[in-house]
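Enquirer: Read in order, the letters of the sequence shown correspond to residues 1 to 362 in this note's numbering.
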Amino acid sequence: MVLRAIGAGAITGVTGCSAVGLQGTAMNDGPRTVTDEAGREISLPGAVERAVAVGPGALRQVAYLGATGRIVGIEDGESEWLQKVPYNQATPGLREKPVIGSAGPNAGGNGEEILSVDPDVIFFYGDPSRAEALQKQTETPVVVLGITDFGGAEKRQQLYETWRLVGGILGMENRAAELEIFVEETIEDLGDRTADLPEAERATAYAGAISYKGAHGIATTRRQFPPFAFTNVENVASVLETDAASVQISEEKLLTWDPRAIFVDSNNLDRAHEDLSNNDAFDRLTAVENGAVYTLLPHASYHHNYGSILANAYFVGSTLYPDRFDDVDLESKVNSIFERMLGAPLYDELIQAYDPYRKLEV
Numbered sequence: 001m002v003l004r005a006i007g008a009g010a011i012t013g014v015t016g017c018s019a020v021g022l023q024g025t026a027m028n029d030g031p032r033t034v035t036d037e038a039g040r041e042i043s044l045p046g047a048v049e050r051a052v053a054v055g056p057g058a059l060r061q062v063a064y065l066g067a068t069g070r071i072v073g074i075e076d077g078e079s080e081w082l083q084k085v086p087y088n089q090a091t092p093g094l095r096e097k098p099v100i101g102s103a104g105p106n107a108g109g110n111g112e113e114i115l116s117v118d119p120d121v122i123f124f125y126g127d128p129s130r131a132e133a134l135q136k137q138t139e140t141p142v143v144v145l146g147i148t149d150f151g152g153a154e155k156r157q158q159l160y161e162t163w164r165l166v167g168g169i170l171g172m173e174n175r176a177a178e179l180e181i182f183v184e185e186t187i188e189d190l191g192d193r194t195a196d197l198p199e200a201e202r203a204t205a206y207a208g209a210i211s212y213k214g215a216h217g218i219a220t221t222r223r224q225f226p227p228f229a230f231t232n233v234e235n236v237a238s239v240l241e242t243d244a245a246s247v248q249i250s251e252e253k254l255l256t257w258d259p260r261a262i263f264v265d266s267n268n269l270d271r272a273h274e275d276l277s278n279n280d281a282f283d284r285l286t287a288v289e290n291g292a293v294y295t296l297l298p299h300a301s302y303h304h305n306y307g308s309i310l311a312n313a314y315f316v317g318s319t320l321y322p323d324r325f326d327d328v329d330l331e332s333k334v335n336s337i338f339e340r341m342l343g344a345p346l347y348d349e350l351i352q353a354y355d356p357y358r359k360l361e362v
């Protein structure tokens, strides 16, 4: 195998792939080569019928491509603490697959267990050096994915490159293109509804208790929070001078910002409720005084939940700009998002699992 180091931002190249529809298979006569998102040149068989996914978010990308039928093994978390996530709700049969390693931020797969399910390819998110070690151990192609958030246009393009890479390997390029078009059209619809709002009329809000490599309380936030950006809501945390994915702020800072509304991640409702209820200082927050604390679907569960982020944006918009979203039936909209992204309407299942889209009494 030839390894060629290239810049992390380089365009991913996929050669020798052909598409035969959404559930198609790449049917090349011989081996082909792909360049993964760590710049590694990987030799693959002409047809990939059996796959596993290792690391945060890796299996989710296969699920978005509609290819979970090719998955022959799962990390242990999929049948344990990840059972509620949307892609597992949409394809509950995943939980019954053989276990091929432990889930976690530093997941690296178990070589022996992976060999026992005989995959054609291993999709991998994590340190490329671990991917290389796993490839040598299993003698199976390991394709590194560059999974990211999709708040800004540049990050979304990186995500779309990931979908194209996975889609090309699985012979599902058309599905990858459909996903990209759907996400962009959805974000355009969200933005168009409030684009003409003067800055003085734009709502301010704070997103708290956002999971990042585990559970967190109300003081954990994101400087970039796509559901606010998509709906032209001013994220009070956007003034923070950091590029960190997750930020811990002080009580004083939240009191100074005093957002009109607070949205909390339903993965961490107990922590958020305890933080807001047991601190008398937070009683002075406008959002608390006005009963404007709301719950959202989890922003991230073992990496980002892209369908949930879009659904959350419609809830945020409907809550803060009801006149601009008066034609949106939230249940129908959430169902349509997950039908398009994961093949199943999941509103009822997600409401039962997480209790989002309501006021949090504090």
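Positions of the beta carbon are idealized from the N, C-alpha and C atoms, including for glycine.
Kindly indicate the opening and closing residues of the alpha helix (DSSP H) around residue 178.
Expert: What you label residue 178 is simply residue 178 of the sequence shown in a count that begins at 1. Element bounds for residue 178: 173–194.
Enquirer: May I have a chain-ordered list of the alpha helix (DSSP H) segments no shorter than 4 residues that lie completely inside the segment 279–324?
Expert: 286–289, 306–320, all fully within the segment 279–324.
Enquirer: With a CB to CB cut of under 6 Å and the five nearest residues on each side skipped, what residues in its chain are close to residue 287?
Expert: Looking up residue 287 in the sequence shown gives position 287. So the list reads 259, 261, 262, 293, once near-sequence residues are dropped.
Enquirer: Residues in the same chain with beta-carbon distance under 6 Å from residue 42, minus the five sequence neighbours each way, listed in chain order, please.
Expert: Working through the sequence shown from its first residue, we reach residue 42 at position 42. Contacts found: 34, 36, 141, 143.
Enquirer: Assuming residue 320 and residue 357 form a contact by the criterion Cβ under 8 Å, report the distance between their Cβ atoms to the nearest whole angstrom.
Expert: The residue given as residue 320 occupies position 320 in the sequence shown. The residue given as residue 357 occupies position 357 in the sequence shown. That belief does not hold up - the Cβ atoms of residue 320 and residue 357 are roughly 13 Å apart, past 8 Å.
Enquirer: Between which two residues does the beta strand (DSSP E) holding residue 32 run?
Expert: As a first step, residue 32 is located in the sequence shown; it is residue number 32 there, counting from the start. Per DSSP, residue 32 belongs to the beta strand (DSSP E) from 32–35.
Enquirer: Have a look at the DSSP bridge pairing and note the partners of residue 359.
Expert: Sequence index remark: in the sequence shown, residue 359 carries index 359 (1-based). According to DSSP, which records beta bridges pairwise, residue 359 is partnered with 294.
Enquirer: What would DSSP say about residue 328, mapped onto helix, strand or coil?
Expert: In the sequence shown, the residue the question calls residue 328 occupies position 328. In the structure shown, residue 328 sits in coil (DSSP, three-state: anything other than H, G, I, E or B).
Enquirer: Quick one, are the C-beta atoms of residue 245 and residue 212 less than 8 Å apart?
Expert: The residue labelled residue 245 in the question sits at position 245 within the sequence shown. The residue labelled residue 212 in the question sits at position 212 within the sequence shown. It is a contact, given that the beta carbons lie within the stated cut-off.
Enquirer: Using only CA atoms, which one of 359, 139, 149, 351 lies nearest to residue 226?
Expert: Position 226 of the sequence shown, counted from the start, is the residue given in the question as residue 226. The shortest Cα separation from residue 226 among 359, 139, 149, 351 belongs to 149.
Enquirer: Nearest by alpha-carbon distance to residue 355: which of 264, 204, 339, 362 is it?
Expert: Start at 1 with the first residue of the sequence shown, and residue 355 comes out as number 355. Among 264, 204, 339, 362, the Cα nearest to that of residue 355 is on 264.
Enquirer: What separation, rounded to the nearest whole angstrom, lies between the Cα atoms of residue 353 and residue 198?
Expert: Mapped onto the sequence shown, residue 353 falls at position 353. Mapped onto the sequence shown, residue 198 falls at position 198. Each residue's Cα considered, the two are about 38 Å apart.
Enquirer: Around the Cβ of residue 32, are there at least 16 other Cβ atoms within 10 angstroms (buried) or fewer (exposed)?
Expert: Within the sequence shown, numbered from 1, the residue matching residue 32 stands at position 32. Buried, since its Cβ has 16 or more Cβ neighbours within 10 Å.
Enquirer: May I ask which residues mark the beginning and end of the beta strand (DSSP E) holding residue 125?
Expert: Stepping through the sequence shown from its first residue, residue 125 is reached at position 125. Counting along the chain, residue 125 falls outside any beta strand (DSSP E), and DSSP gives it neither H nor E.
Enquirer: Once you ignore the five residues that flank residue 317 on each side, which residues in its own chain have a CB closer than 6 Å to its CB?
Expert: By one-based count along the sequence shown, residue 317 stands at place 317. Apart from sequence neighbours up to five positions away, the residues of its chain that approach residue 317 with a beta-carbon distance below 6 Å are 231, 325, ordered along the chain.
Enquirer: Work out the CA separation of residue 303 and residue 314 for me, nearest whole Å.
Expert: Taking the first residue of the sequence shown as 1, we reach residue 314 at position 314. Taking the first residue of the sequence shown as 1, we reach residue 303 at position 303. Taking the straight line from one Cα to the other gives about 21 Å.
Enquirer: Spatial neighbours of residue 153 within its chain, please: CB distance less than 6 Å, with the 5 preceding and 5 following residues excluded, ordered by chain position.
Expert: Residue 153 sits at position 153 when you count from the first residue of the sequence shown. So the list is empty, once near-sequence residues are dropped.
Enquirer: Find out if the Cβ-Cβ distance for the pair residue 178, residue 160 is shorter than 8 Å.
Expert: As a first step, residue 178 is located in the sequence shown; it is residue number 178 there, counting from the start. As a first step, residue 160 is located in the sequence shown; it is residue number 160 there, counting from the start. Contact: no.
Enquirer: So what does DSSP say about residue 44, is it helix, strand or coil?
Expert: For the purposes of this step, residue 44 is identified with residue 44 of the sequence shown, where counting begins at 1. Strand at residue 44.
Enquirer: Can the beta-carbon of residue 151 be found closer than 8 Å to that of residue 229?
Expert: Taking the sequence shown and counting its residues from 1, one reaches residue 151 at position 151. Taking the sequence shown and counting its residues from 1, one reaches residue 229 at position 229. Yes, the pair counts as a contact, with Cβ atoms nearer than the cut-off.
Enquirer: Please confirm if the segment 114–131 is in contact with the segment 42–61, defined as three or more CB-CB distances below 8 Å between the two stretches.
Expert: Yes, the segment 114–131 touches the segment 42–61.
Enquirer: Can you name, in chain order, every residue of its own chain whose Cβ lies under 8 Å from the Cβ of residue 182, other than the five neighbours on each side?
Expert: Start at 1 with the first residue of the sequence shown, and residue 182 comes out as number 182. 340, 341.
Enquirer: Report the rounded CA-to-CA distance for residue 82 versus residue 234, giving the unit in angstroms.
Expert: Stepping through the sequence shown from its first residue, residue 82 is reached at position 82. Stepping through the sequence shown from its first residue, residue 234 is reached at position 234. If I take the Cα positions, the gap works out to 32 Å.
Enquirer: Pick helix, strand or coil for residue 366, following the three-state DSSP scheme.
Expert: Residue coverage of the chain in this structure runs from 1 to 362, which leaves residue 366 outside it and unanswerable.
Enquirer: Suppose contacts are defined by Cβ-Cβ distances below 8 Å. Is residue 284 in contact with residue 209 by that definition?
Expert: One-based indexing of the sequence shown puts residue 284 at position 284. One-based indexing of the sequence shown puts residue 209 at position 209. Residue 209 is positioned such that its CB atom lies no closer than 8 Å to that of residue 284.
Enquirer: Check whether the segment 185–198 and the segment 162–176 are in contact - that is, three or more C-beta pairs closer than 8 Å.
Expert: With a cut-off of 8 Å, the segment 162–176 and the segment 185–198 do not count as touching, because too few Cβ pairs lie within range.
Enquirer: Decide if residue 63 is buried, meaning its Cβ has at least 16 other Cβ atoms within 10 Å, or exposed.
Expert: Numbered from its first residue, the sequence shown carries residue 63 at position 63. Per the 10 Å Cβ criterion, buried.
Enquirer: In three-state DSSP terms, what is residue 263?
Expert: Along the sequence shown, one-based indexing puts residue 263 at 263. Residue 263 falls in the strand class under three-state DSSP.
Enquirer: Assign residue 255 to one of two classes, buried (16 or more other C-beta atoms within 10 Å of its C-beta) or exposed (fewer than that).
Expert: Counting from 1 along the sequence shown, the entry for residue 255 is found at position 255. Looking at its Cβ environment, which holds fewer than 16 other Cβ atoms inside 10 Å, residue 255 is exposed.
Enquirer: Can you tell me where the beta strand (DSSP E) with residue 114 in it begins and where it stops?
Expert: Within the sequence shown, residue 114 is the residue found at index 114, counting from 1. Where residue 114 is concerned, there is no enclosing beta strand (DSSP E), although the alpha helix (DSSP H) it sits in stretches over 111–117.
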